[in-house]
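Q: Heads up, the final residue of the sequence shown is numbered 379 in the working numbering, and it's a clean run with no missing numbers.
There's a structure below that I have some questions on.
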Amino acid sequence: MVGIGFDINNIADDVLQEIDIVNIENPLYPNYLSGNYIGDTNRFKAKSIAKKIIVDGPYIDLNPGTPDIEIRKVVERKVLQSIDFALSIGSDEIIFLSTFLPMIQVDFYDNAHVSNSINFWRNIISKTEGIKISLCNIFEYDPSVLLKIVEGVNCINFGLAFDVGHAYAYAKTTLKDFFTKIESFCSSVYLHGNNGTYDEHLNIFEGDLLKSDQFQDIIPLIRDKNIILKPFDKSMIIKNVEILKSTLIQ
């Protein structure tokens, strides 16, 4: 199944004909959930879009692994608000970026992030039903911390998502090695182009990811997942979809 990340107010009908998944990005936008978004969700529901819906959770400044109790309360409020948003438009999965910073390289930070994250997500799950919550890699060098969190939470409604572009830019292991370790927990994959140095979110046909041996190695592994294209440039969405579909059937 193939999808595209959209602003909830900017979903083109011609694109809908080409995809299986509508990925709504709005909770990622700073301050979006602080405004009046009910009109947006009502207009979206009125479209009666017969596609799988996956929502992005908020990211900037929100760290579920924080050791600060007061900050954790704010993070919890925004996370629950984004889950309510996702449920209101019929989403069955919401994906949160991990916020883990491996470059700190201090054991007590790593250990605290894992333990605080496990407690945080267990608490969120106790207050939530009807949706899968997935945690997605950003800067991770390898999936070890993500695996500790998902195994610690140990809930059928909590899993992992895989951002191929992030792993290609930041991981110190191959895409195949990274993904095979998390595959059993993963139902959705984010895909966007870059040149292996930083997070450019290019069209899939830009940069060298699509042409790399690493990407070719994971095509058979991700083919049956929910694959969501995430370029910043939304002007060539259909071309992105066509190239991805042709790549997946090779």
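Cβ coordinates follow ideal geometry from the N, Cα and C atoms, glycine included.
Is Gly-325 helix, strand or coil by DSSP?
A: In the structure shown, Gly-325 sits in coil (DSSP, three-state: anything other than H, G, I, E or B).
Q: Mind checking which residues open and close the alpha helix (DSSP H) that includes Glu-258?
A: Here Glu-258 belongs to no alpha helix (DSSP H), and DSSP marks it neither H nor E.
Q: Using 8 Å as the Cβ pair cut-off and three pairs as the minimum, do the stretch 311-328 and the stretch 282-300 touch?
A: Yes: at least three Cβ pairs fall under 8 Å.
Q: Quick one: grab the DSSP three-state call for Val-282.
A: DSSP places Val-282 in helix when its eight states are reduced to three.
Q: In chain order, what residues of the same chain have a beta carbon less than 7 Å from the beta carbon of His-330, not counting five sequence neighbours either side?
A: Within the same chain, His-330 has close Cβ partners Gly-294, His-321, Lys-359, Pro-360, Phe-361.
Q: When you compare the stretch 197-212 with the stretch 169-181, are there three or more beta-carbon pairs, one atom per stretch, that lie closer than 8 Å?
A: Segments in contact, no.
Q: Check whether chain D comes within 9 Å of Ile-356, counting only Cβ atoms and requiring the distance to be less than that.
A: Absent from the structure: chain D. Only one protein chain is present.
Q: DSSP has Asn-152 in a bridge; who is on the other side?
A: Answer is Gly-134, Ile-183, bridged to Asn-152.
Q: Who are the Cβ neighbours of Ala-382 in its own chain at under 6 Å, not counting the five residues just before and after it?
A: Any question about residue 382 goes unanswered here, given that the chain covers just 130 to 379.
Q: Could you tell me which of Arg-251, Ser-227, Ala-298 sits nearest to Cys-265, measuring between CA atoms?
A: Answer by Cα proximity: Ser-227.
Q: Go to Ser-316, then tell me how far its alpha helix (DSSP H) extends in each direction, as first and last residue.
A: Segment 315-320 is the beta strand (DSSP E) holding Ser-316; no alpha helix (DSSP H) there.
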